[in-house]
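In what follows, a structure is listed as structure tokens, so that the remarks can point back to it.
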Amino acid sequence: MKKSLLIIVYFFFSLAINAQNQIEICQNKTTHLIAKEKITYVQVGDPDKLIAEVVPEQPNMVRVKAVDDFNEESSLTVVSANRSYSLFVKYSDANKISYQLEDFIGQIAGNINIGPVPEYLLKELCGQILNGCTQSPIRTRTKKEGIIFRLRNLYLKEDLLFFELEITNSTNIVLDLEAIHWWIDDRKQVKATNVQEYQVEELYRHYNWERIPAKTTLREVVVLPKFIVPDKRILKIELLEKALGNTGRKLTLEVKNKAILKAQSF
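Under our numbering, the first residue of the sequence shown carries the number 5, and numbering increases by one thereafter.
Next comes the structure, spelled out in structure tokens:
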């Protein structure tokens with residue numbers, strides 16, 4: 005009797021989780037999942053039924069849309085703030101087109117593995133770069149409305165790449181930073197539907213500046229996993245300014261594969 009009761013309780017508990025962790029999508033509407041923090045992983049259960057991708061301009065949002073009409077449920081897994089959310093996806097012409105990710109039931113995704121180098125050592129290595137490491141400067145910079153964004157140097161240690169960045173604010177107004185994104189992208193974009201972007205996740209950022217004071221230049225070191233850029237592709241480093249609406253400035257550095265291959269060991 006007790007065993008039967010446990011089975012019934014588990015059955016209804018599973019139904020409750022299924023109902024709570026369910027979203028509805030269709031072909032003629034785009035559904036968005038909105039998280040409080042950056043989305044670090046997205047995977048659809050059946051790519052023939054739905055597509056899902058992180059919004060490049062808003063890394064805390066995922067847009068989801070049905071490829072075609074389907075009857076059976078599919079699934080979607082999203083990871084944000086070290087929590088994994090497994091969602092059931094149903095096809096329906098529902099009115100709700102946005103969901104808060106934290107409203108769903110999630111579970112701890114596990115600690116981020118930064119490889120063989122512990123965080124305290126990464127901090128020390130970044131300090132060495134900022135205080136002493138020098139090599140022939142990389143002449144990669146972009147400028148927009150009084151802001152200069154520059155890649156000063158690029159270093160290699162073990163299986164890690166250390167990007168030394170420099171941000172100059174020559175205006176009289178403080179620059180509030182929204183984010184710095186790293187993308188491997190096509191060099192030439194003929195049609196938006198053919199663009200294949202791949203986001204590279206940072207392993208460590210030394211200072212993590214949030215504001216650049218007026219008339220100030222600040223340097224930063226960001227650590228990424230070792231990689232090379234395939235042919236006809238390029239690494240893009242995007243600096244986004246936090247501002248009302250979509251009025252913030254965006255500065256983009258383009259780094260070719262030959263610059264990465266010349267990264268100096270230290």
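All residues carry an ideal CB built from backbone N, CA and C; glycine is no exception.
Cutoff 7 Å; reference residue i; Cβ partners in own chain excluding five residues on either side
i	result
SER88	THR81, GLY110, GLN111, ALA113
ALA267	LEU158, TYR159, LEU160, LEU165
ARG253	LYS148, GLU149, ILE151, GLU245
PHE108	GLN24, ASN25, TYR89, LEU91
TYR208	ILE118, GLU123, LEU126, VAL227
GLN104	ILE38
ARG191	LYS236, ARG237, ILE238
Under the three-state DSSP convention, the category residue i falls into
i	result
ASN261	helix
ILE171	strand
GLN62	strand
ASP190	strand
LEU37	strand
ILE43	strand
LYS127	helix
ASP107	helix
LEU248	coil
Buried/exposed call for residue i, threshold 16 Cβ in 10 Å
i	result
GLU224	buried
VAL178	exposed
LYS265	It is Leu, not Lys, that sits at residue 265 in the sequence shown. It counts as exposed.
THR175	exposed
GLU41	exposed
LEU129	buried
ASP73	exposed
THR220	exposed
Close-in-space but distant-in-sequence residues of the same chain around residue i (CB under 8 Å, 5 per side omitted)
i	result
ASN75	TYR95
(request) Say whether the region 66-85 touches the region 49-56, bearing in mind that this needs 3 or more beta-carbon pairs closer than 8 Å, one atom from each stretch. (result) yes
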